[in-house]
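S.K.: Below is a structure I'd like to ask you about.
Numbering (our numbering), first residue to last: 107 to 398.
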């Protein structure tokens, strides 16, 4: 049986190394996948992967069009994600797109619409949505374990000064933790900045969730508050999250269904830009999710 050929585009962050290691460490699970090329706008990142894993370094991000069965886009700057993915969309191959899916909402809609038109099944976003604490909160909320949901709290890091888009670089982690635990489509957001923190109020109609971004402090926490109890705890954002998100991509390569709708997939970009608007104007921003 031939192996599924995959390329990794934009390998500056930890995902490229981690995914290659997952495949190397688990040939029983992923021996049918072969990474046939990597590309980075930072050549030293691609060279490092060649040294560790012996993978071919590509000269251009589009040079494998028509030659692969899947694409992984993990550029640190989300503004490169659509650009890297675009040449491969017409091929219809499944794709993993890392966070942030894109920086602009219009670009996210264009990516999703072109993917849908070509039958491209998408996965990706933030690995933090796979944390056990987040899954437990979602199950307890949906099952009304503690009665009516009164609210919630999610804390996660943010990087405000960086060369990869500023706020957009890291913000999707907290956003997707909230969306996975409390519902994919908050109806509105408010936001305020303090010393080294940004506080976001995610408004769901019958309850609110507070999101606390802390600059440079890599601690993850989540809580659900019900009228008869609560679920709360630190979130283990470690190898298990990477394992679960790669497994989801591998299922797409095997012909599995897309785990969520195209609108679901790009919803975090809508929320991200809503937060930025709320920070700028100091007012509540109603979120509108384009149907794709």
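Cβ atoms here follow ideal geometry from the backbone N, Cα and C, with glycine treated the same way.
Can you check whether the C-beta of residue 374 is within less than 7 Å of a C-beta belonging to chain B?
M.R.: Among the chains of the structure shown, chain B does not appear; only one protein chain is present.
S.K.: Just to confirm, is the Cβ distance from residue 110 to residue 359 under 7 Å?
M.R.: yes
S.K.: Is residue 192 close to the ligand NAD? I mean its beta-carbon at under 6 Å from any heavy atom of the ligand.
M.R.: No copy of the ligand NAD occurs in the structure displayed, which carries no ligand at all.
S.K.: Specify whether the region 215–228 and the region 319–335 touch according to this definition: at least 3 beta carbon pairs, one from each stretch, less than 8 Å apart.
M.R.: Verdict: no, contact absent.
S.K.: Taking just the CA atoms, how far does residue 302 sit from residue 343?
M.R.: 21 Å
S.K.: Tell me where the beta strand (DSSP E) around residue 263 begins and ends.
M.R.: 255–264
S.K.: Can you tell me where the alpha helix (DSSP H) with residue 171 in it begins and where it stops?
M.R.: Here residue 171 belongs to no alpha helix (DSSP H), and DSSP marks it neither H nor E.
S.K.: From this set, 390, 350, 394 and 290, which residue's C-alpha is nearest residue 370's C-alpha?
M.R.: 290
S.K.: Leaving aside the five residues before and after residue 232 along the sequence, list all residues of the same chain whose C-beta is less than 6 Å from its C-beta, in chain order.
M.R.: 205, 278, 279 and 282
S.K.: Check residue 156 in the structure and name its three-state DSSP category.
M.R.: It is helical.
S.K.: Per DSSP, residue 111 is paired with what?
M.R.: 140
S.K.: To the nearest angstrom, how far is it from the Cα of residue 108 to the Cα of residue 160?
M.R.: 20 Å
S.K.: What whole-angstrom Cβ distance do residue 174 and residue 142 have, given they're in contact under 8 Å?
M.R.: 7 Å
S.K.: Please report the distance separating the alpha-carbon of residue 257 from that of residue 326.
M.R.: 18 Å
S.K.: For the region 280–327, which segments carrying the beta strand (DSSP E) assignment without a break, of at least 3 residues, lie completely within its bounds, in sequence order?
M.R.: Complete beta strand (DSSP E) runs here, min 3: 294–300, 303–309 and 314–321.
S.K.: Taking C-beta to C-beta, are residue 264 and residue 212 nearer than 7 Å?
M.R.: no
S.K.: Express the C-alpha separation of residue 295 and residue 120 in angstroms, rounding to a whole number.
M.R.: 30 Å
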